[in-house]
Amino acid sequence: MRTIWALAVLGRILTTVSARGKEPDCPRTCTVEASGSNATDDAPAILKAFHECGRGGRVVFKPTTYYINSVLNISWLEDVDIDIQGTLLWSTDITYWLNHSLPVGYQNQSTAFILGGNNVRINGHGTGTFDGNGDYWYQWIRKQSNTSNYPGRPHALTLNGLTNSVIKGLTFLRSQMWTMSIIYSHYVELDGIFINNTGNRVSSSNTDGADTIRSSHIKFNNWTVYNGDDSISMKANSTDMSITNSRFYNGLGIAIGSIGQYKGQFETVERIRVENISYNNTLHAVYFKTWTADQNGYPPNGGGGGLGFAADMKFDKLEAKALRGAAVAISQCTRFSGAPGTGNCTNSPFQIRDVAVNGLTGTRQFDDYVKLDSGLSSANLDGETCILWR
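If you count by mature numbering (1 follows the signal peptide of the UniProt record, and there is no 0), then the sequence shown holds residues -19 to -1, 1 to 371, one letter each, in order.
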């Protein structure tokens, strides 16, 4: 009996010692080593780090420059911390990027970098930078006969299939084209993002701050955007979006659209909340752009004939300085220069309704407060539409 009792006590002691002595599971950390030369592509080293630590680990970019000479597709992430202290600098090999940029999956657009996964946490600490070397692109595109949505011209970063994630403290300088495209992504917070797409030599269109597509529950907070196109744009099937506490300079303002580009397809933009925004020298505070009912060509620069509606949108506490156009504008005449055929501004079936603008103050360079295209009718502005101006 004493022997049995002693063995039982010994078993408890060994179990306790074993439990206390077990090492805790620590996330693996991969630090990306930079080559230090633009002659060496750092993309393979970046991919290696994410393959090793992109699931349940941590990836660190040191305070140095990483030279990105080839496309990055990192779409398998799960429960990972990404610590960006340095600069990722994209190469100026325009021929390479035009031929190898990755498809975004919308409007025949393409990108230099796809990032996707679940529970991803990116921290740029206010110093982490994506530098697209855009000056080269802005000068190059000026020499082309088609300067809008040029095939193969890449977005800086595409969030594709990113869910339950947070990105904060990043800087984007002179992006190649759109800075950020967000597609098939849900429940993502983007906080403290600084974008400057101002060219040192010439300016460029298609330098959007961010565009959302087929995504929901995206929160933009504390953004600063200097650019020459849409500050932030919400396109097809963007729902439950918020833009708060942000500053926009020189671009076109917040855009709803363009939308209705794909003939016969039903798309919506719903439940948009915008609050506490300042504008300086933008074209609009907010504007809506839908395609005509007539299909003229194909995306990215052609299209039309899409169906659907934009509804339940509230804009509060907007402060504008020196707007270059109407504070609020609605156009259903979208068709790009160079697309075949002629557009018809009177026949768009895409509806816009339930829009509220409250507390818009500031100055403008022209007399228009609100601009509605002459072709607008009950066919496209629903009878329940209400634009509140206070």
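Idealized CB from N, CA, C, for every residue including glycine. What you are looking at is a predicted structure, and each value in this text was computed from that prediction instead of being measured.
In this structure P281 is buried. Its beta-carbon is surrounded by 16 or more other beta-carbon atoms within 10 angstroms. When the five nearest sequence neighbours on each side are left out, the beta carbons in the same chain lying within less than 7 Å of the beta carbon of S184 are those of Y119, G209, in order along the chain.
Counting C-beta atoms within 10 angstroms of its own C-beta, R9 has fewer than 16 neighbours from the protein chains shown and is therefore classed as exposed.
DSSP, read as helix, strand or coil, puts P25 in helix.
In the DSSP secondary-structure assignment, D64 is bridged to V41, N104. F31 sits in a helix when the DSSP states are folded into three classes. Boundaries around I213 are those of the beta strand (DSSP E), 211 to 215, since no alpha helix (DSSP H) includes it. A Cβ-Cβ contact shorter than 7 Å links Q346 with R305. The three-state reading of DSSP puts N80 in helix, counting H, G and I together. With respect to the 7 Å criterion, S212 and S166 are not classified as neighbours on the basis of their beta carbons. In this structure the segment 47 to 56 lies against the segment 87 to 95, because at least three pairs of beta carbons, one per stretch, are closer than 8 Å. By the Cβ-count criterion, K216 is buried, with 16 or more other Cβ atoms from all chains shown falling within 10 Å of its own Cβ. Taking the Cα positions, D293 is about 14 Å away from N339. The residue from A30, I65, A291, F31 with its alpha-carbon nearest to that of R334 is A291. In the displayed model, I174 falls within coil according to three-state DSSP, outside both helix and strand. In chain order, I174, S227 place their CB closer than 6 Å to the CB of W204, counting only its own chain and leaving out the 5 sequence neighbours on each side. Y47 places its beta carbon 7 Å or farther from that of A20. The shortest CA-to-CA distance from I122 to any of T188, E170, A137, T152 is the one to T188. Residue burial annotation: C7 is exposed, with fewer than 16 other C-beta atoms found within 10 angstroms of its C-beta. By the Cβ test, the segment 121 to 135 is in contact with the segment 62 to 81, since at least three Cβ pairs between them sit closer than 8 Å. Contact check for L233 and L264: beta-carbon distance about 5 Å, within the 8 Å limit, so the pair qualifies. Under the 10 Å beta carbon count, T68 is surrounded by 16 or more other beta carbons and is classified as buried.
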